[in-house]
Amino acid sequence: MQLPLNMSMSTRANRGSGPADALRRAFEEKKLSFAREMDASATSHGDWASDAAAAFGEGYSTVPRGAAEGNETASAQARRSMRLVRGKRGCSLTTGTWVLDSNRPAYDEQTCPHLKEVATTTNCLGSRYSRPNSDWMGYSWRANECGAQPLRFDARNFLEKMRNKNILFAGDSLMWEGFFPAFLCQVHRASPARKVSYDSRFKQTTWVVDEFAVTLIHVWSPFLMDFSTDSKVLKRLKIQNPALGDTAVNLFQPDPNWTLLLPHVHLVLLQSATHWPNADKWLRRFFTSRKWQMLDPQPNTFDAYTGAMNAVRQRLSRKPSRRGGRYVAYFLSAPPRLAGCQNTVKISPPDHVAYLRSKNAQSKIWFRTQKQIFGRKQSRVRFLDITHPSLARADAMIGSQGTASQDCLHPCLPGLPDNWVDFFYAAWLGDKGF
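Adding 300 to a residue's 1-based position in the sequence shown gives its number in our numbering.
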């Protein structure tokens, strides 16, 4: 059984010390020694790219409403999933239809007690946002090329295949309060997951699914690159009047809080986009070199993002060593920033989708840049497109249907993030390596 990388003393005493304790100490020593050093082979972040073209690279179908076909048992879901792998490997997940599904929502606050703790601002089940109805929780995605049934995450099947393995999640708020709690809640309903540790130094939180000896490790890393909000660092960079929210981002070094875990994990899920566009506004970003020296002139946000994500891809693409690193990595695309999500339409009509495709330039640029970097063939990183299906789900956003919040980026839970987990599961099953 592979124990969590970071456990409290009482937990380690109950489950045995030795290897787990040594692994924790080794990680801390490496982190403290190399936190500000560039990973050995990541000496370059690639050429700075120009701004991405403002057009999506893939087709998109309009989204009529429908009804999912009946209920399935867990075993039936597993059999359907395996047929998907054998018969539909490589099928496109991005073109399809949103259908009403009687099996949604997949959980609630009673069946997933972690929801209140993790999804503190995206949990829409209570009275926080006063949603007038619950239809936004009831949809699943049916991919046109991947069978007649909607995609659905079979948590027990997944856990069985990942038995005795470690899974790493790293990214921004869309990961921490979107994809990750949706994943955790569905896993917890299949087999209880318990939180075993939180380390503020490394921004690392760990859960364990005891029945399957699966460890889930989440690292808060909004840029996926090394970054600092420390006023001493900002002053050393000669930033005038540093304010709350100012951040220095190292564009040459991926964040060691997650990269130092790579030799010890078997599956990696990453997401980063929401914190980058805020540069030069109320949240200021200052981009630095490998040795934490201010870049002059400062690159624009999209060039900085492109260079940083190239550095992330290069780090993930290293060949595994004898000490570990035999993982598969998935990078989740940026969901659209749905301008005008304040609407009462449960599923956006085609004209609204067309409007978003033509006007929502920021989402297009982020998507195209991510696809160019992480969608390359012969890469250890898989690119997961959650942007296209999400375009039609303005109803799923926190700020939709007249709620008090104006948030048109983060979706409610339960809801759309559960569908993102479905997309990942279908892609993971269809991977040739499984």
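We treat Cβ as the ideally placed atom computed from N, Cα and C, and that holds for glycine. Only a predicted model underlies this, so the values are computations on that prediction, with no experimental measurement involved.
Unbroken beta strand (DSSP E) run spanning Ser440, endpoints: Unbroken beta strand (DSSP E) run through Ser440: Tyr439 to Ala443.
Cβ-Cβ separation, Leu632 to Gln571 (assumed contact under 8 Å), whole Å: Their Cβ separation, rounded to whole angstroms, is 4 Å, which keeps Gln571 and Leu632 in contact under 8 Å.
Beta-carbon proximity of Glu477 to Ala543, cut-off 7 Å: Judged by their CB atoms, Glu477 and Ala543 are not nearer to each other than the 7 Å cut-off.
Sequence-distant residues of its chain with Cβ nearer than 6 Å to Lys495 (five each side left out): Excluding positions up to five away in sequence, the list reads Trp507.
Arg536 CB to nearest heavy atom of the ligand MN below 6 Å: The model on display carries no ligand, and the ligand MN is accordingly not part of it.
Under the three-state DSSP convention, the category Asp472 falls into: Three-state DSSP puts Asp472 in coil, outside helix and strand.
Among Gly545, Phe502, Asn464 and Asp695, nearest to Val519 - alpha-carbon criterion: The shortest C-alpha separation from Val519 is found at Phe502.
Every unbroken beta strand (DSSP E) within the segment 517–558, with a cutoff of 3 residues, ordered by chain: As far as the segment 517–558 is concerned, its whole beta strand (DSSP E) runs of at least 3 residues are 525–528 and 547–554.
Arg379 to Val487 span [Cα, whole Å]: Model confidence at Arg379 stands at a pLDDT of 43, short of 50, so the residue's coordinates are unreliable and nothing is read from them.
Beta-carbon proximity check, Leu524 vs Val628, cutoff 7 Å: No. Outside cutoff.
Same chain only: Cβ atoms within 7 Å of Ala726, ignoring 5 sequence neighbours per side: Take Ala726, set aside five residues on each side of it, and the residues of its chain with a beta-carbon closer than 7 Å to its own are Leu384, Leu393, Cys446 and Leu451, in chain order.
Three-state class that DSSP yields for Gly396 in the structure shown: Reduced to three states, the DSSP call for Gly396 is strand.
Asp510 vs Gln553 beta-carbon contact at 7 Å: Taking a C-beta distance under 7 Å as the contact criterion, Asp510 and Gln553 do not qualify as a contact pair.
Close Cβ partners of Met609 (< 6 Å) along its chain, the five nearest in sequence each way excluded: Closer than 6 Å at Cβ, skipping near neighbours: Ile673.
Three-way DSSP call (helix, strand, coil) for Asp499 in this model: Under the three-state reduction of DSSP output, Asp499 falls in the strand class.
For Cys412 and Cys485, believed in contact at Cβ under 8 Å, the rounded distance: About 4 Å separates the CB atoms of Cys485 and Cys412; that is less than 8 Å, so the two are in contact.
Span of the beta strand (DSSP E) around Gln598: No residue range can be given for Gln598, since it is assigned to no beta strand (DSSP E) and is classified by DSSP as neither H nor E.
Simplified DSSP state of Gln504, which is helix, strand or coil: Assigned with DSSP and collapsed to three states, Gln504 falls in strand.
Inter-residue CB distance, Gly396 and Trp441 (contact presumed, cutoff 8 Å): That pair is a contact at about 6 Å.
For Met697, the residue or residues it bridges with in DSSP: BP columns for Met697 point to Pro711.
Buried or exposed (CB count within 10 angstroms, at least 16 for buried), Ser521: With a 10 Å radius around the Cβ and a threshold of 16 neighbouring Cβ atoms, Ser521 comes out buried.
Candidates Phe683, Val681 and Asn557, of which the one nearest Ser500 by Cα: Ranked by Cα distance from Ser500, the options Phe683, Val681 and Asn557 are led by Asn557.
Contact under 7 Å by Cβ, Leu560 with Phe469: No; because the gap between Cβ atoms is not below 7 Å, this pair is not in contact.
Alpha helix (DSSP H) segment containing Gln486, residue limits: The continuous alpha helix (DSSP H) containing Gln486 extends over residues Phe480 to Ala490.
8 Å contact criterion, which Gly699 and Cys708 should meet: CB distance rounded: The distance from the Cβ of Gly699 to that of Cys708 is about 5 Å, consistent with a contact at the 8 Å cut-off.
Pro563 versus Val681: straight-line alpha-carbon distance, rounded: For Pro563 and Val681, the distance between alpha carbons rounds to 15 Å.
Integer Cβ distance of Asn466 from Val565, believed to fall under 8 Å: Confirmed, Cβ separation roughly 4 Å.
Sheet register partners of Phe587 (DSSP bridge): For Phe587, which the question treats as bridged, DSSP gives the partners Val549.
Bridge partner(s) assigned by DSSP for Arg615: The partner list for Arg615 (beta bridge, DSSP) is empty, contrary to what the question assumes.
Distance CB(Ala604)-CB(Leu551) smaller than 7 Å: With contacts defined as CB atoms closer than 7 Å, Ala604 and Leu551 qualify as a contacting pair.
Cα-Cα separation between Met697 and Pro711, rounded to whole angstroms: In a straight line, the C-alpha of Met697 is about 4 Å away from that of Pro711.
As assigned by DSSP and simplified to three states, the class of Phe453: Coil.
Asn541, buried or exposed, once every other Cβ within 10 Å from all chains shown has been counted against 16: The residue is exposed, with fewer than 16 neighbouring Cβ atoms inside 10 Å.
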